[in-house]
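Step one of this worksheet: look at the structure below.
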C-alpha cells in the first residue's frame, strides 16, 4: 500500500511538473537561436529510474509524446550511466524524432542511488544535410537530412567529451549557434537535477521513488475510469496526406479504434506502406499523435505520463510508413504525418464523444527553412519556422485564428526578431480572411506570411500539407480552405509551389505561405438561426 495520501501525492506531482516547466524556462532564456529563444521549439520532461515518463511541461506534443517511447530504447544502447553523464542522441530510429530534434538525457542520483532521469529535446536550426535548415523537401533517405548522432556520452562523469562536440559542430552550417543551444539544453538538465535532489531530500530517496511509481499508477486508474465511461465499440476513420514529397500519390492513413472497459486499441491496418519521400514516421512519432488525441478524448486534468498508456495498445502493420525503418527519410514525419495521424484518430473519436471533439484544425505545420550567406557578415544563417493556421470549430465555440494546433505548440518568430537576426524582410503577416470553414461554429482563419530575401540568394525548403484537401468539418460543418505556397519575383509575377520541395529565392524575391483554415463544426444553418435569435433578443 502506498504511503502517499492524495494531498501528498498532488504536492509531489505538481512539484515535478513545475520542475519540468522551469527547465523549459531556463532553456528558452539561455538559447541562442530564435527558433528556441523566440518560438520555444523545445521540450523538457522527467522520467523515473526505469525511463518511464512521469512529468512533462506544457511544451510541444510531438516532442513529449515521442520521448515517452524513446528514452528507454536510447538508454538501452549504453552501459549503465553514472553521475555526471549526459547522453546526446538524434538518431530517429532510436530516439524517435527527426534529425534536427537533438535530445540530451542525464541520470539523477541521490545518496548514490539512481532515482530519475531528466531530458531536454530541442529543434536545432541546422544539423547539416543537403539543404540549409536540415528539412529538405525532396529527401529520399535519412543521410540527406543531416548528421546522425547515435546514443553517445556528451559528458562522461561530468567531463565534456570534446571530440563528440567537435564532430557535431563540424557537420553543421551554424556551429556557434548550435553550441549555444546545446549549452542551453545542458543548463535545463542542471536545473532539473537540482529540483530532483531537493525532492529526494524532502521525501527521502525511497519515498521519492515510491511517489514516482504511485503517480503512474494513479494516472492508470484515472485512465481506466474514463474508459469505463466511454461507449464500447469499434470506430473507424481515415484521412490522407497530399503526397510524400517524391510522388504525387496521396498517402492513406486508416485507423480502427476499439473501446472496452479495460482497453483502448488503435489498429492502423490498411495504412500506406513506407514511402520513398520523407513523410515516413518512426513508431514513437505515431505514438505521440495517439497520446495527444487520447488526452483530448479522456480528461484534460489527467496527468500526462506513461501510466496513461498502460491500458492502450497501438498496432501498426509491418512495413507501414507509420513505423519507418532505416534508411527511410523521416524529416516530415514529425511535422506533417503526426498532424495527419492526430486528425485521423480524432475523426474516429468524434464518433465516440461528439461533444468533446473539434473539427479538423489546419493539419500541417507549414514548415519553412531558409538559409544562405548573410550579406551583412558573409556568415551562414539558417532560419526555421512553422506557421500557424486555423483551429477547427469546436463544440462550444468558433475555432481560434492563426494558431498552432494539435502536434505543435510553438510560438511565432516576431517580425522584429526575424529581421534583426536574418537578411530577410517580412512583407505581410496577417490573417487569411475567409479561409475558415463555415458552420454552427466556424473554423478559425489561416495566416499569410510573405518573406523577402534581401541582397542575397537563399535556399528555401517547404514541408506543408492540406494543399489539395482542406481540413474536414464535422456534423455538417464545411471544410477549411486549402493552403497555398508561392514565389513572387521582382516584377510581381507569382509562381505556385508544391507543398513539399526546395527552391532558390533570387535577391528580392518573396516567398508567400498561405496556411489552411480550420474546418467548421455543425451545420451553418444552425448558426444562422442562432444569430437571428440573438439579434431578436437584442432588438427586444
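Residue numbers (full-length UniProt numbering): 1 to 540.
Backbone N, C-alpha and C define an ideal beta-carbon position, used for all residues, glycine too.
Sort out for me which residues DSSP pairs residue i with in a bridge.
{"i": "residue 91", "result": "None, per the DSSP bridge assignment."}
{"i": "residue 235", "result": "257"}
{"i": "residue 3", "result": "Residue 3 is not bridged to any residue."}
{"i": "residue 371", "result": "382, 459"}
{"i": "residue 251", "result": "241"}
{"i": "residue 160", "result": "155"}
{"i": "residue 268", "result": "Bridge partners of residue 268: none, in fact."}
{"i": "residue 53", "result": "47"}
{"i": "residue 397", "result": "394"}
{"i": "residue 27", "result": "Its beta-bridge partners do not exist; DSSP assigns none."}
{"i": "residue 330", "result": "Partner(s): none; residue 330 has no beta bridge."}
{"i": "residue 273", "result": "320"}
{"i": "residue 403", "result": "389"}
{"i": "residue 42", "result": "122"}
Excluding five sequence neighbours on each side, which residues of the same chain lie with their C-beta closer than 8 Å to the C-beta of residue i?
{"i": "residue 111", "result": "200, 205"}
{"i": "residue 327", "result": "141, 142, 143"}
{"i": "residue 220", "result": "307, 308, 310, 311"}
{"i": "residue 36", "result": "27, 28, 42, 122, 123, 181, 184"}
{"i": "residue 197", "result": "108, 110"}
Output the boundary residues of the beta strand (DSSP E) element that contains residue i.
{"i": "residue 502", "result": "500 to 505"}
{"i": "residue 315", "result": "312 to 315"}
{"i": "residue 513", "result": "510 to 514"}
{"i": "residue 68", "result": "Element bounds for residue 68: not the beta strand (DSSP E) but the alpha helix (DSSP H), 61 to 68."}
Applying the 10 Å Cβ sphere with the 16-neighbour rule, what's the burial state of residue i?
{"i": "residue 535", "result": "Note on residue 535: pLDDT 31, under 50, position unreliable in the model; the coordinate value appears next. Residue 535 is exposed by the Cβ-count criterion."}
{"i": "residue 244", "result": "buried"}
{"i": "residue 481", "result": "buried"}
{"i": "residue 485", "result": "buried"}
{"i": "residue 79", "result": "exposed"}
{"i": "residue 191", "result": "buried"}
{"i": "residue 315", "result": "exposed"}
{"i": "residue 82", "result": "exposed"}
{"i": "residue 29", "result": "exposed"}
{"i": "residue 163", "result": "exposed"}
{"i": "residue 445", "result": "buried"}
{"i": "residue 430", "result": "exposed"}
{"i": "residue 273", "result": "exposed"}
{"i": "residue 253", "result": "buried"}
{"i": "residue 209", "result": "buried"}
{"i": "residue 225", "result": "exposed"}
Using C-beta distances below 6 Å, list every residue in its chain close to residue i, excluding the 5 sequence neighbours before and after it, in chain order.
{"i": "residue 539", "result": "Only weak support is given to the placement of residue 539: the predicted model assigns it a pLDDT of 32, under 50, and the value that follows is read from those uncertain coordinates. Around residue 539: no qualifying Cβ."}
{"i": "residue 293", "result": "342, 345, 346"}
{"i": "residue 148", "result": "91"}
{"i": "residue 195", "result": "19"}
{"i": "residue 258", "result": "234, 265"}
{"i": "residue 291", "result": "65"}
{"i": "residue 460", "result": "370, 503, 505, 511"}
{"i": "residue 236", "result": "256"}
{"i": "residue 528", "result": "Caution applies to residue 528, whose pLDDT of 45 falls short of 50 and renders its modelled position unreliable; the value that the coordinates give is listed next. Correct list: empty, nothing qualifies."}
Output the boundary residues of the alpha helix (DSSP H) element that contains residue i.
{"i": "residue 184", "result": "175 to 203"}
{"i": "residue 343", "result": "338 to 352"}
{"i": "residue 291", "result": "283 to 297"}
{"i": "residue 35", "result": "34 to 37"}
Go through its chain and collect everything with a Cβ distance to residue i's Cβ below 7 Å, but skip five positions before and after it.
{"i": "residue 95", "result": "70, 74, 89, 103"}
{"i": "residue 410", "result": "39, 40, 41, 60, 386, 404"}
At 3 residues or longer, and completely inside the segment 73 to 135: list those beta strand (DSSP E) runs for me, N to C. 86 to 89, 101 to 110, 113 to 123
Just list the beta strand (DSSP E) runs in the segment 409 to 495, keeping only unbroken ones of 3 residues or longer that don't cross its boundaries, in chain order. 424 to 432, 446 to 453, 458 to 463, 484 to 488
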